Structures are given as structure tokens and as C-alpha cells.
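Following this line, the structure appears as C-alpha cells:
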């Protein structure tokens, strides 16, 4: 007879491991944000989000909208300042995760691998330029006023229509 | 129309450290000249090179028909050491990407992906150029070698997801693994079985299974002057020959699209005079170039 209890227990163990890894990945991004916030007086915040696929005619197909995951950066002091930095994907069990730029595809096999890859991402000159522009955005007098993400000049990373 | 691809590990600057004498650098320039200007190869990827090596090759060889892509992207504390040259009236480079896998404090260099448009023929061609770590730094039984194959397979899957099962994919390089090693056969799924590869779109075909030993049978009066592989190490205890350098083809090239593999022309490139340097332990050269050829078949419909 097939031992379903054994399979059930294996599933629970996998779920537990997967949860542990996802928490670990969250902790890496929390550490990253803490360090960036300290270094920029709270002007840079990194997130992982689902964005609407605007390539080709995809965005116009209202019934078959496609989304993808991305690493984004925003200046929390300026509304609508979010910019896409890289595409992001993550295995159901946590690892590997993958960070994709036009010029690089980085698979992260574990926590240290993710840290190294994020380090590489932040060292990229185009990413550096985007973050610098976000950091230098003029802060509106009242936080929360519609402001000037548009003052970031249009470039390759400028397609971050967030869908939450 | 025919397109030819060559991979050659030049042995010039392993791990980015220059070690060649002027005479040895001249040998490399002469080889590049023969491959591109005399044999009229359309794509040449070179391994163990640096920015300075490429500059010298450009200055020394007459490469007016070629564009050069320096692929020396950073990978953790190390760099990719591959570059490639391509005939600009046949191929147009539309993108290139460095593919890495970070595990612990190591950054494994999986491949550099170059995407071309074959001019006048629309459909993209994806070329993956790899120089996997030496067995000195990554043991032949290390799980990392399996990981190299798994992630290269993932990168191929990404292309297939985007371009469909008839995606034009060519993989070439010095894998420091042989066709029968798990990284290439099991993880990458590069098979010896051409008939099966023609039927199963997910399989890749590796013609270099045919280049694992001397091509001619032993005979009493025959000579053994052919190559027994693509890499020669004179101190090998069981064998001095390895087939580390390979070119691997996707399903599309096995009679399933207008571009076909020409397997007769595909193999180890034996440039006159070069073998003497490869088997000479005092020389730096230890790899032969390998050649892969595809041809466009005119439809008779």
C-alpha cells in the first residue's frame, strides 16, 4: 500500500523549509533597506513587486493582462517615484532566486549568494545612476503631494508601472 | 547560406593573468587570422583572454569584416574571460548577457549569452559561450559541476519559453567536463543519440560524442597521428586526451527548421603546425579549436 502519511510528512517538511527560506530572503532585503535608509536619510527603499507587463501590446489586452515580478526602488519621501531596477523570480521553495538585467542574469542559490548578487546589482552603473536620481529628487514641502518622479529622465529602467 | 562557429581556448591569460611570450601571442594572432580570414569562419569565441589580448588581436589581424564583443563582465571577484568576433555582414548582435550563479561566497560563471539576428533571415540565433572552472578549482565530482549544467539548462529553457521549441540555440565552450559527464549529458540534456534528439524537442544534440578518441581504428601499418580529443595534458595517467571543448545544437538544427547542422564539417580544427605546440609540454597551448557549421536549406515547396 502506498504510504500517504510519509508523503504528507514530507510535504509538511518541505513547506516548513520553504517558509524558512522565504523568511531568510525577506531578512536579506530588510538588512539591505536598513543600510540604504541609514546611508540616504531614508530616501531609498527597495521592494519586490508584481508589475504589469507593458511590452508590445500586452498592456492593452485588458482580459489577459500579464504581470511579472521585479525589484523596484523608490524614494519614500516622493510619491510615485518607483523605478524598476531588475526582474525578479523566486522558486516556490525559496531558492534559487533570479535577478535579471538586460546585461546580467544572476541565479542566487542561497542566502550568501543572494547577498552577493544584490551587491553586484547595486554596483551596476545604470542602477547606481537610477538610485542617485531617486535620492536627489526634490522633496515636496508636504510629504505625499504629487511630485516629480517625472523629473527622472526617461531611460531603460523607466517602465515601472506598479500594480502593487 | 552557411554559418560557421569556432570556439578556441587560447590559453593566453588564464584567470585574467597574462602569461604568454611575444612569440606565443603571435601564434594566437596567426591562428585568429587563419580561422577568420582564410577559413572564413563567421563567428569566433576565444577563451582565457583579457582586454589587452583582444586589443592586440585587433591591431595585428586584419579584421575589417568583423565586429568584436568584449565579454569581460565582472562576476563577483572574478571576470568572464571570453570574447567573440562575428562577421558583421552576416550577423547582427542584438543583445548579450552574462549568466552567473552565486552559491555561498562563490560566483559560478555559467555562460555569456549572445543573441544575433542572422541578417536577411529574421529569426534570432542564441549562442551560449561557456568557460567552466578547471577541475583544479572545481573537482570533477563537485556538486557545483552539476549546478553549472542545471543553470545552463535553465538559461536554454528561458530561450525556449520565449522563442518556442524551434529556438535556434548553439552552445559552445570549454566546459572542463566531457560529453559523458553528468553536467552536460544529464543536466544540460546534451545527448549522443541524434535520432532521439530529432524527435524530442527538449533534447540538445552534442556532436562531440564522436570526438572522444582517435577517429581511426588501430591497424598494423596505420599511424596514430590524429587527435584523441580537444585538450591534451601530457601528464595524464589514464589518458592524456580530454574532450572538454564542444559545440552543442538545439532541436531546430536537426532537420526541424530551415537551418540544419552540417555534422560532416563539425569537429576539431587541426590547423597545420599547431598540434606540435599542443603536445609540447613547454608550450602554453593545450586546447584545439572546435568548429560547428549550420546551413540554410532552401525549401523545395
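Residue numbers (our numbering), protein chains in the order written: chain A, 413 to 576; chain B, 1164 to 1464.
Cβ coordinates follow ideal geometry from the N, Cα and C atoms, glycine included.
Computed from a prediction, not measured in an experiment: that's the story for all the values here.
Quick test of the definition: if touching needs 3 or more C-beta pairs under 8 Å, does the segment 1230–1240 of chain B touch the segment 482–497 of chain A? no
For the beta strand (DSSP E) that residue 520/A lies in, which residues bound it at each end? 516–520
Closest residue to residue 1287/B among 1293/B, 1250/B, 1327/B and 1266/B (Cα-Cα distance): The candidate whose alpha carbon is nearest that of residue 1287/B is 1327/B.
Report yes if the CB atom of residue 1453/B is closer than 7 Å to the CB atom of residue 1402/B, and no otherwise. no
What is the DSSP secondary structure of residue 1329/B, reduced to helix, strand or coil? coil
Does the segment 535–543 of chain A come within contact of the segment 1273–1283 of chain B, defined as at least 3 CB pairs closer than 8 Å? no
Give a yes or no on whether the minimum CB-CB distance between residue 1179/B and chain A is below 7 Å. no
For the pair the segment 1407–1421 of chain B and the segment 1355–1368 of chain B, tell me if three or more CB-CB distances fall below 8 Å. By the Cβ criterion, the segment 1407–1421 of chain B is in contact with the segment 1355–1368 of chain B, since at least three pairs of Cβ atoms, one from each stretch, lie closer than 8 Å.
Does the distance from the C-beta atom of residue 500/A to that of residue 485/A stay below 7 Å? no
7 Å Cβ cutoff met for residue 1246/B and residue 1209/B: yes
From the beta carbon of residue 1336/B, is the nearest beta carbon of chain A less than 7 Å away? no
Unbroken beta strand (DSSP E) run spanning residue 1279/B, endpoints: DSSP places residue 1279/B in the uninterrupted beta strand (DSSP E) bounded by 1269–1281.
Verify the CB distance criterion: does residue 1260/B have a CB-CB separation below 7 Å to chain A? Taking CB atoms only, residue 1260/B has a neighbour in chain A less than 7 Å away.
C-beta atoms of residue 1262/B and residue 1274/B nearer than 7 Å: yes
Mind listing the chain A neighbours of residue 1316/B? Cutoff is C-beta to C-beta under 9 Å, in chain order. Using a Cβ-Cβ cut-off of 9 Å, residue 1316/B is close to nothing in chain A; its nearest Cβ partner there is about 12 Å away.
Residue 1423/B versus 1434/B, 1395/B, 1460/B and 1442/B, residue with shortest Cα-Cα distance: 1460/B
Give a yes or no on whether 7 Å exceeds the smallest Cβ distance from residue 1399/B to chain A. no
Report, in whole angstroms, the separation of the C-beta atoms of residue 1311/B and residue 1346/B, which I expect to be a contact under 8 Å. 6 Å
Would residue 575/A be called buried (16 or more neighbouring beta carbons within 10 Å of its own) or exposed? The predicted position of residue 575/A is uncertain, since its pLDDT is 37 and thus under 50; no value can be drawn from it.
Could you say which of 1270/B, 1220/B, 1226/B and 1241/B lies nearest to residue 1249/B if we only look at CA atoms? 1226/B
Distance, residue 1433/B Cα to residue 1406/B Cα: 14 Å
Below-7 Å beta-carbon distance, residue 517/A vs any chain B residue: At a cut-off of 7 Å between beta-carbon atoms, residue 517/A makes contact with chain B.
contact_flag[the segment 1194–1203 of chain B, the segment 1424–1444 of chain B] where n(CB pairs < 8 Å) is 3 or more: yes
Flag this pair as yes or no: are the beta carbons of residue 1465/B and residue 1191/B separated by less than 7 Å? A question about residue 1465/B goes unanswered here, because the residues of chain B that appear run from 1164 up to 1464.
Could you check where the beta strand (DSSP E) with residue 484/A kicks off and where it finishes? 479–486
Based on Cα-Cα distance, which residue from 1455/B, 1164/B, 1221/B and 1293/B lies nearest to residue 1319/B? Answer by Cα proximity: 1293/B.
Excluding the 5 residues preceding and the 5 following residue 1385/B in the sequence, name in chain order all residues of the same chain whose CB lies nearer than 7 Å to its CB. So the list reads 1379, once near-sequence residues are dropped.
Could you check whether the Cβ of residue 540/A sits closer than 7 Å to any Cβ belonging to chain B? no
Helix, strand or coil at residue 1429/B according to DSSP, with G and I counted as helix: coil
Got a sec: which bits of the segment 494–516 of chain A sit with their beta carbon under 9 Å from any beta carbon on chain B, in order along the chain? Residues of the segment 494–516 of chain A with a Cβ closer than 9 Å to any Cβ of chain B, in chain order: 508, 510, 512, 513, 514, 515 and 516.
Nearest candidate by alpha-carbon position, reference residue 1359/B, set 1222/B, 1339/B and 1418/B: 1418/B
With DSSP run on the structure shown, which of helix, strand or coil describes residue 1346/B? helix
Do you know how far the Cα of residue 1330/B is from the Cα of residue 1323/B? 6 Å
Flag this pair as touching only if the segment 417–429 of chain A and the segment 448–464 of chain A have three or more C-beta atom pairs under 8 Å; answer yes or no. Segments in contact, no.
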